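Colleague: Quick one: structure below, then a few questions.
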Amino acid sequence: MARLVIVSNRIMLPRAHGERERAGGMAVALRDALRARGGLWFGWSGETADATSTAAKIAQSGRIQFATIDLGRADHDQYYNRFSNGTLWPLLHYRLGLLEFRQESLDGYLRVNEAFSHALRPLLRPDDLVWVHDYHLIPLAASLRKHGAANRIGLFLHTSFPPPALFTALPRYEVLADALTAYDVVGLQTEDDRANLSSVMTTHYRCGTTARGELDLPTRRVLLCAMPVGIDAAAMAEMAETASAGSEQRRLVDSLVGRQLILGVDRLDYSKGLPQRFEAYERLLSGFAEHRSRVTFMQIAPVSRGEVRQYRELRRDLDRLAGRINGRFAEFDWVPVRYLNRSFSRQTLAGFYRHARVGLVTPLRDGMNLVAKEYVAAQNAGDPGVLVLSRFAGAAHELTDALLVNPFDVDAMGEAIHRALTMSLAERQARWRAMMRPITTNTAVAWQETFLKLLQNAAAATAA
Ligand code: F6P
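Under our numbering, the first residue of the sequence shown is numbered 189, with each subsequent residue one higher.
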């Protein structure tokens, strides 16, 4: 079996003894893929230095070999803060108004991709399957090919992908389009994302697609496919059950004194629709007075990308909103909103999910949103909570039995939360069972097996 090489900006280095698991769903899915199969995981060390490393540091943990490079401070700023987070992130989440473009940031982005490829190339064996993840590294395959790599190389984009009219607003978008033609397979979360990318590429290159959905380019066939990323549902369910007997869970339950918990867990990011969510909760309290003093909304939102202006502004807005709602509705023995800018271990979160009567996952746009799937998987089958889910999260394509909402409509969202809080046990159970079907079928393992099979076969087809 060919060796698997995973490349991603962030990687999950082995934890020091006793350190708790804090990584997000994507990193966990990649680690599980590598644990099952063995292989190499290449990425950024998480450290900045005076200059970007020219060679990787190697470490071994079980069947996984880790290879990492440090990034020079200036490179990190142009590649990560400015181009990845200041240009690509808003673009891929349909937020042209937030997009900032500078040629020097694009140059920095290409330079760091070149540095990744320079350090990775000597580690590659001819038959390695190389699987690149996310928008930080779109140019990586082209760079590896320039340095002679003939490997099968695939990309999975974990974010959404916008329609052509938005994507082509990016100055020099053709640099990214060209870079994509160096892959054998490009995976996206949903059929909408796949169709959007396909439309950008077929228009730009004036090419057709084959019956299998490959772009029929003069140089190579690039297979575009939709495959939603999944979770290890059984592991999440077990973690949640164990955590519900733990001390943090007990403290949470005691502190609620019988109130129903409404829970949100998101990075502090403008794509997550947090101001609209806070306002929806405010509408719930103003429109349905029976819930006052009977519910608690807990929003866990660890600070993210604090070096980017829009993220700092969002933080200020949310501080204000949380203060306003608490000032308006709090009683001497009840605080309506608990707003926490910190992270928790996955174990602790699993227990919190299980206890929450309502899970709020209401992004304005999201590639998938694994919190939605984790929340459902963590529920107690006998007394499950209700997921209120944005139509604009990739997860909504599979979890059609959630209470689907338009996050731009805060009144309707407030009503949906009311409906979730008052839903009968029979309806909660029926919806939960229906949502568990795709969650237990499209697991993280099934997702990676499907992708790698396509990558192997696509390469065979190209070579033939
Ligand atoms: O949604 C795509 C994604 O790559 C997630 O996997 C991850 O949580 C996030 O974007 C990137 O976050 P960060 O900028 O902290 O690496």
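Where a beta carbon is used, it is the ideal one built from N, C-alpha and C, also for glycine. Nothing here was measured: the structure is a model prediction, and the numbers come from that model.
1. In this structure, how does DSSP classify F170 when only helix, strand and coil are distinguished?
2. Less than 8 angstroms separating the Cβ of N197 from some heavy atom of the ligand F6P?
3. For a minimum of 4 consecutive residues, which ranges assigned as the alpha helix (DSSP H) are wholly contained in the stretch 535-593?
4. Taking C-beta to C-beta, are L462 and P524 nearer than 9 angstroms?
5. Could you name the residues of the same chain whose beta carbon sits closer than 8 angstroms to that of N514, not counting the 5 residues immediately before and after it, in chain order?
6. If you draw a straight line from the C-alpha of F304 to the C-alpha of T256, how long is it?
7. Express the C-alpha separation of A608 and R309 in angstroms, rounding to a whole number.
8. Could you tell me how far apart the beta carbons of L405 and C395 are, in whole angstroms, since I believe they sit closer than 8 angstroms?
9. If you count every other CB in all the chains shown that lies within 10 Å of the CB of S612, and 16 or more means buried, which is it?
10. Are there 16 or more other CB atoms within 10 angstroms of the CB of M189, so buried, or fewer, so exposed?
11. Compare the beta carbon distance of Q448 and G582 with 9 angstroms and say whether it is the shorter of the two.
12. Considering only the alpha carbon of each residue, which of D420, L343, S387, T369 lies closest to L354?
13. Is it true that the CB of V549 sits closer than 9 angstroms to the CB of L577?
14. Give the secondary structure of Y486 by DSSP, where H, G and I count as helix, E and B as strand, and everything else as coil.
15. Counting Cβ pairs, one atom from each stretch, are 3 or more of them under 8 angstroms apart for the stretch 190-201 and the stretch 316-330?
16. What residue does the alpha helix (DSSP H) around A247 start on, and which one ends it?
17. Please tell me whether, using a cut-off of 8 angstroms, the distance from the CB of N273 to the nearest non-hydrogen atom of the ligand F6P is below it.
18. For V654, which of G555, I252, R465 has the nearest alpha-carbon?
19. Does DSSP classify V374 as helix, strand or coil?
20. By the 10 Å Cβ neighbour count, where 16 or more other Cβ atoms means buried, how is H335 classified, buried or exposed?
21. Could you tell me if I246 is buried or exposed, where buried requires 16 or more neighbouring beta carbons within 10 angstroms of its beta carbon?
22. With 16 as the cutoff for other CB atoms within 10 Å, does T391 come out buried or exposed?
23. Taking only the alpha-carbon atoms, compute the straight-line gap between L587 and R553 and give it to the nearest angstrom.
24. Once DSSP output is grouped into helix, strand and coil, what is the label at A651?
25. Alpha carbon to alpha carbon, how far is I199 from T484? Give it in angstroms, no decimals.
26. For the stretch 350-367 against the stretch 270-280, are there 3 or more C-beta pairs whose distance is under 8 angstroms?
27. The alpha helix (DSSP H) with V441 in it runs from where to where?
28. Here's a check: name, in chain order, each residue in its chain whose Cβ is nearer than 6 angstroms to the Cβ of M486, leaving out the five neighbours to either side.
29. Can you find a heavy atom of the ligand F6P that lies under 8 angstroms from the Cβ of R480?
30. Mind checking P202: buried by the 16 CB within 10 Å criterion, or exposed?
31. Whose C-alpha, out of L332, H346, E637, is nearest the C-alpha of H324?
32. Using the C-alpha atoms, what's the distance from H306 back to L312?
33. Are the CB atoms of L280 and A357 within a distance shorter than 9 angstroms?
34. Using only the alpha-carbon positions, how far apart do R283 and L343 sit?
35. Can you pull the DSSP bridge partners for F344?
36. Alpha carbon to alpha carbon, what distance is there between D372 and L385?
Modeller: The relevant details are as follows:
1. Outside the shown range of the chain, which is 189 to 652, sits residue 170, and nothing can be said about it.
2. yes
3. 558-565
4. no
5. V523, P524, V525
6. 9 angstroms
7. 52 angstroms
8. 5 angstroms
9. exposed
10. exposed
11. no
12. S387
13. yes
14. Looking at the sequence itself, residue 486 is Met, so the reference to Tyr does not match. Correct three-state label for M486: strand.
15. Flag = yes, the stretch 190-201 and the stretch 316-330 touch.
16. For A247, no alpha helix (DSSP H) run applies; the uninterrupted beta strand (DSSP E) run containing it begins and ends at 245-249, by DSSP.
17. yes
18. Because residue 654 is not part of the residues shown, which for the chain are 189 to 652, the question remains open.
19. strand
20. A residue is called buried once 16 or more other Cβ atoms fall within 10 Å of its Cβ, and H335, having fewer, is exposed.
21. exposed
22. exposed
23. Taking the Cα positions, L587 is about 15 angstroms away from R553.
24. A caution first: A651 carries a pLDDT of 49, below 50, which makes its placement in the model unreliable, though a value can still be read off. Judged by DSSP in its simplified three-state form, A651 adopts helix.
25. 35 angstroms
26. Contact holds between the stretch 350-367 and the stretch 270-280, because three or more Cβ pairs, one in each stretch, are under 8 angstroms apart.
27. Boundaries of the alpha helix (DSSP H) harbouring V441: 435-444, taken from the DSSP string.
28. Within the same chain, L451, R526 come within 6 angstroms of M486 by CB-CB distance, once the 5 residues on both sides are set aside.
29. Every heavy atom of the ligand F6P is 8 angstroms or more from the Cβ of R480, so no.
30. exposed
31. H346
32. 11 angstroms
33. no
34. Cα atoms of R283 and L343: separation of roughly 23 angstroms, rounded to the nearest angstrom.
35. H321, G375
36. 15 angstroms
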